[in-house]
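Numbering (full-length UniProt numbering), first residue to last: 1 to 591.
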Amino acid sequence: MSLFKLFGKKHDSDRQHDAKLSHSAEGSTTVKDLAKSKIAPSGEYFENLDDNSRKSTGQYENKGTRFQKIQPVDDEDTDDDEVQEDKVSGLIILLTLTASISGFMFGYDTGYISSALVSIGGDLGKTLSYGEEEYITAATSLGALIASILSGVLGDYFGRRPILMLSNILFVIGAIVQCAAHSVWMMISGRLVMGFGVGIGSLLAPVFISELAPRKYRGRLVIINCFGTTGGQLVAYAIGAGLSRIKNGWRAAVGISMFPPLLQFLAFLFFLPDTPRFLVMKGRISQAHGILMKIYPDATEEQVNSSIKELQELNRALPGGNVLQRLWYGAKLLHTSGPAFRALFITCGMQALQQFTGFNSLMYFSATIFKAVGFKDSTAVSIIVAATNFIFTVVAFFIIDKVGRRRLMLASLYGMLAFLVLNSVAFHFLDITFHGSDAIVNSSDSHTWGIVIIIAMIGYVASYAVGCGNVPWQQGEMFPQAVRALGSSYATATNWTGSLVISATFLTMLQNISPTGTFALFAGLTLLSIIFILLFFPELSGMSLEESQKVLTGGFHIRESMKIAKMRKKYGNKVPLSVMEKPESGVEDMA
């Protein structure tokens, strides 16, 4: 992959790869968009029109940006052959809530280990050092990293549903091992196995939801999985606080974690299907048809058949006679096609910044930090942090599709940067040092600065939850069907790599470069994250999964994507993506 391909300066082979992905990912969608718009000569510039002129002429243009003159799509035309994705059916809600149990399991794991680390005491045969706490915490991240690499391929081969069911089994086994643990290494082993389940769920649950969700509500429905994560953290902190004074209470907290995966397993086993996109890919057309009719109860038989036909055309565009051959082709496409590689670059970058801005270190070790600062009931204080995370995830649910992914990410990162700087300053004046398993506060005004740290952490968590905590998990919308699970696998593996690095080094950083230096480092990485979003992250709100790849054809198209999102917000989906300049056509498919 050349830098030319990444940044949109294409030579001939790059044009071929981009056109290949555009054709294979879009199927008949491109034809429909072109048929519904009158395209002006490429490169023609138009002056801004006032609202009345736009409504009367149907021109949606932007001065200084290469848009093309279009006529608005007639609603009656689209009603004849396309499923109208403007409603959320009961089945979609049920499937989304069930898939979001995977998010709950991840969140519960983060929450209970934070409280367990301060209440285990000698239950594992010794008092834990900071290094051993890091190993126990990082074991889940290591297991999740391994699972996230494999689960994308497994999800394409066996289906999203059965692999999510496998994650339930692994989670329960891991919980049983931890409940029975009487040594550090047995505890680490249990958390490693649980990590396999967490990694599968963190990848496939968002993919599962994004493949089901109507485009208008996709952002909000994927955030429901984030609800699960933040809700799981809050429940775990509350249970941990309630059991903290009971001998081996942390084991009971681990045991409770077995019930959600059992519930998800039974729901998938007896009631709920796989996604229509996967079923069409496997040739199970009648099942896909039945599910689509339930997902869109107001759709006609012809509209559902049209949707299935589009998915079939998309699959036929992919070389290979079986799933493994298509996976090989998808891997090749992911690394050689401009749009796919840009999607990979963006999603991996988003997942990396989510971790390296330090949030999970706070969630894993919040009770340890508050204990070091001097709060006697540190687990109870952590509940406030977890509740903040949950509340502002709810806020994100209501605004993500209205405000847009890009603006939400930038607002989130600006807030995180400010509160990380405040945390760094507060720890400087608190003057706390870590030695072995002890923390020594040298300031005479520790209570005041402890309050400042709590306020700064709550502000940081609120900023994170409203954007950075959920927008990166919209990653599935950037990839075409051919590489969606595989691309999401790369991105999720990046997330867990970051989680592994942070969880395995955070307490060591507190010891070696001080809390002030640690939070200053996170602030610097947050500043780099802001630059990344400004340069590379386009706005994809209101676009279908197939349209998202068009935005990444020939470059990142930041300004163009923002204009399209703004126009669609005002005029609805009548504004086709063909108002953006398209790549050269007529290029033969890549063999």
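Where is the CB? At the ideal position from N, CA and C, for every residue including glycine.
Quick one: residues in its chain with C-beta nearer than 8 Å to the C-beta of residue i, no 5 flanking neighbours on either side, listed in chain order?
i, result
"residue 128", "117, 120, 136, 184, 437"
"residue 262", "168, 172"
"residue 192", "139, 140, 142, 143, 174"
Between which two residues does the alpha helix (DSSP H) holding residue i run?
i, result
"residue 272", "First-last for residue 272: undefined, no H or E at that position."
"residue 108", "101-117"
"residue 140", "130-158"
"residue 562", "558-571"
"residue 180", "No alpha helix (DSSP H) contains residue 180, which DSSP labels as neither H nor E."
"residue 291", "285-295"
"residue 346", "338-356"
"residue 544", "Note, residue 544: premise wrong, no alpha helix (DSSP H); not H, not E."
"residue 415", "405-430"
"residue 280", "276-281"
Between the Cα of residue i and the Cα atoms of the options, which residue gives the shortest distance?
i, options, result
"residue 511", "536, 369, 165, 405", "369"
"residue 140", "126, 159, 170", "170"
"residue 108", "303, 227, 480, 124", "227"
"residue 257", "494, 447, 101", "101"
"residue 309", "276, 332, 328, 324", "276"
"residue 270", "95, 401, 199", "95"
"residue 99", "274, 339, 354", "274"
"residue 205", "163, 215, 244, 179", "163"
"residue 198", "495, 349, 414, 422", "495"
"residue 290", "427, 447, 91", "91"
"residue 352", "143, 528, 175", "528"
"residue 424", "88, 450, 515", "515"
"residue 114", "383, 89, 531, 497", "383"
"residue 361", "223, 259, 324, 518", "518"
"residue 509", "104, 88, 134", "134"
"residue 156", "196, 195, 200, 131", "200"
"residue 486", "507, 396, 153, 122", "153"
"residue 87", "223, 292, 158, 306", "292"
"residue 548", "479, 304, 195", "479"
"residue 178", "429, 222, 248", "248"
Just to confirm my understanding: we take residue i, look at its own chain, exclude 5 residues before and 5 after, and list those with CB closer than 6 Å. What are they?
i, result
"residue 265", "165, 168"
"residue 51", "Because the pLDDT of residue 51 is 44, which lies under 50, any placement of that residue in the model is unreliable, and the number read from its coordinates should be weighed accordingly. Nothing meets the Cβ criterion."
"residue 359", "464"
"residue 57", "Unreliable positioning characterises residue 57 in this predicted model, as indicated by a pLDDT of 37, which lies under 50. The coordinate reading is nonetheless provided below. Closer than 6 Å at Cβ, skipping near neighbours: no residue."
"residue 484", "476"
"residue 538", "551, 556, 557, 558, 561"
"residue 287", "279"
"residue 78", "Residue placement at residue 78 is poorly supported in this model, since its pLDDT is 44, which falls under 50; the coordinates are not used for a value here."
"residue 427", "515, 516"
"residue 497", "145"
"residue 260", "101, 104, 105"
"residue 422", "456"
"residue 571", "none"
"residue 452", "426"
"residue 196", "143, 147, 170"
"residue 397", "220, 223"
"residue 27", "Per-residue confidence for residue 27 stands at a pLDDT of 39, beneath the threshold of 50, marking its modelled position as unreliable; the derived number appears in the next sentence. The residues are 310, 313, 314."
Closer than 7 Å by C-beta to residue i: which residues in its own chain qualify, once you throw out the five before and the five after it? Chain order, please.
i, result
"residue 181", "124, 187, 190"
"residue 55", "Here residue 55 scores only 42 on pLDDT, less than 50, and its place in the model is too uncertain to base an answer on."
"residue 218", "210, 477"
"residue 138", "500, 503, 504"
"residue 333", "21, 340, 482, 483"
"residue 160", "204, 207, 208, 274, 275, 278"
"residue 387", "234"
"residue 586", "Confidence at residue 586 is low in this model, with a pLDDT of 31, below 50, so the placement of that residue should be treated as unreliable; the coordinate-derived value is given next. For residue 586, where only same-chain residues beyond five positions count, there are no Cβ hits under 7 Å."
Examine chain B for any beta-carbon lying closer than 8 Å to the beta-carbon of residue i, and answer yes or no.
i, result
"residue 154", "This model lacks chain B altogether, as it is built from one protein chain only."
- prompt: At which residue ranges does the segment 465-517 contain complete alpha helix (DSSP H) runs of 4 or more residues, listed in the order of the chain?
  reply: 484-512
- request: Would you check if the segment 204-213 and the segment 462-478 touch, i.e. whether three or more CB-CB distances between them fall below 8 Å?
  value: yes
task: Quick one: which unbroken alpha helix (DSSP H) runs of 4-plus residues sit fully inside the segment 204-271? Chain order, please.
output: 218-243, 249-256, 259-270
- prompt: Is there contact here, the segment 547-554 with the segment 216-232, by at least three beta-carbon pairs under 8 Å?
  reply: no
Three or more C-beta pairs below 8 Å linking the segment 507-527 and the segment 406-423: Judged by Cβ distances under 8 Å, the segment 507-527 makes contact with the segment 406-423, as three or more pairs qualify.
- prompt: Taking contact to mean at least 3 C-beta pairs separated by less than 8 Å, is the segment 401-413 in contact with the segment 490-501?
  reply: no
field: Meets three-Cβ-pair contact criterion under 8 Å: the segment 453-468 and the segment 383-395
entry: Touching, per the Cβ criterion.
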